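Asker: Supplied in structure tokens, the structure appears directly below.
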Amino acid sequence: MRTIFFKRIFLNPRATGALFPSSKYLARNMANCIDKNTSGYVLELGPGTGVITKAILKSGVAAEQLICIELASDFAGDIQKQFPAVTVIQGDATRLSILVQDKQPIRAIISSLPLRSISKENREIIFSEIQKVLMPGGQFIQFTYSMKKDDDYYPENFKLTNSFIVWRNIPPARVTVFQVNPG
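Structure below.
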């Protein structure tokens, strides 16, 4: 799996958005942010090598309740092999509402998308798509390598509920958790 990761970095570093795979510590911290008292699907955007997928499942989310959206076909295929009971969809997050139209309600979205390296136009489309598919009051959990706590970067109706740094990751990463209300 690491071979695929480093090949993807070499071929398209902006799309991968990282120089190293996420650590199990980052993955565990993100997965532990999921509200366990709410029912519905959990959606993972950009599962990459599957380290966060594995942590989500270990946190108690049933494989049948997890949907992974991955743009890169090689990553998507590998995720499906690693986690055969998980729904894996090879597709673009800018088309999220079409990709998951039959998978409702979605209670939480965990994202590893490199939101700071994609165009503002695509980022705004993705935020709009998140608001379309996420149940009212649902969670959006994102990590970034920016150490700034800049919740104003996100849409107005993304209410910040938690933000912290995971130091045991290369490089360290900030996890930000939002409650999303209809826009």
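All letters in the sequence shown, in the order written, are residues 0 to 182 by numbering that gives the first Met the number 0.
Note that CB positions come from ideal geometry on N, CA and C, so glycine has one too.
From a predicted model like this one, the values you see are computed outputs, not experimental measurements.
Taking residue 181 as the reference, give the member of 128, 111 and 110 with the closest Cα.
Answerer: Comparing Cα-Cα distances from residue 181 to each of 128, 111 and 110, the minimum goes to 128.
Asker: Output the distance between the C-alpha atoms of residue 20 and residue 65, rounded to the nearest integer angstrom.
Answerer: Those two C-alpha atoms are separated by around 21 Å.
Asker: Within the present structure, is the beta-carbon of residue 84 separated from the nearest heavy atom of the ligand MN by less than 7 Å?
Answerer: No copy of the ligand MN appears in this structure; indeed no ligand is present at all.
Asker: Thinking C-alpha only, which one of 53, 58 and 52 is nearest residue 35?
Answerer: The option with the nearest alpha carbon to residue 35 is 58.
Asker: With three or more C-beta pairs closer than 8 Å as the rule, is the region 41-50 touching the region 158-175?
Answerer: Flag = no, the region 158-175 and the region 41-50 do not touch.
Asker: DSSP beta-bridge partners for residue 140?
Answerer: Note: residue 140 sits in a beta bridge opposite 109 and 176.
Asker: DSSP state of residue 93, grouped into three classes?
Answerer: In this structure, residue 93 counts as helix in the three-state DSSP scheme.
Asker: Which residues mark the beginning and the end of the alpha helix (DSSP H) in which residue 126 is found?
Answerer: That run of the alpha helix (DSSP H) goes 119-132.
Asker: How many Å lie between residue 89 and residue 77 at the Cα?
Answerer: Going by the C-alpha atoms only, they are around 11 Å apart.
Asker: Could you give the distance in angstroms between the alpha-carbon of residue 171 and the alpha-carbon of residue 92?
Answerer: The alpha-carbon atoms of residue 171 and residue 92 are separated by roughly 25 Å.
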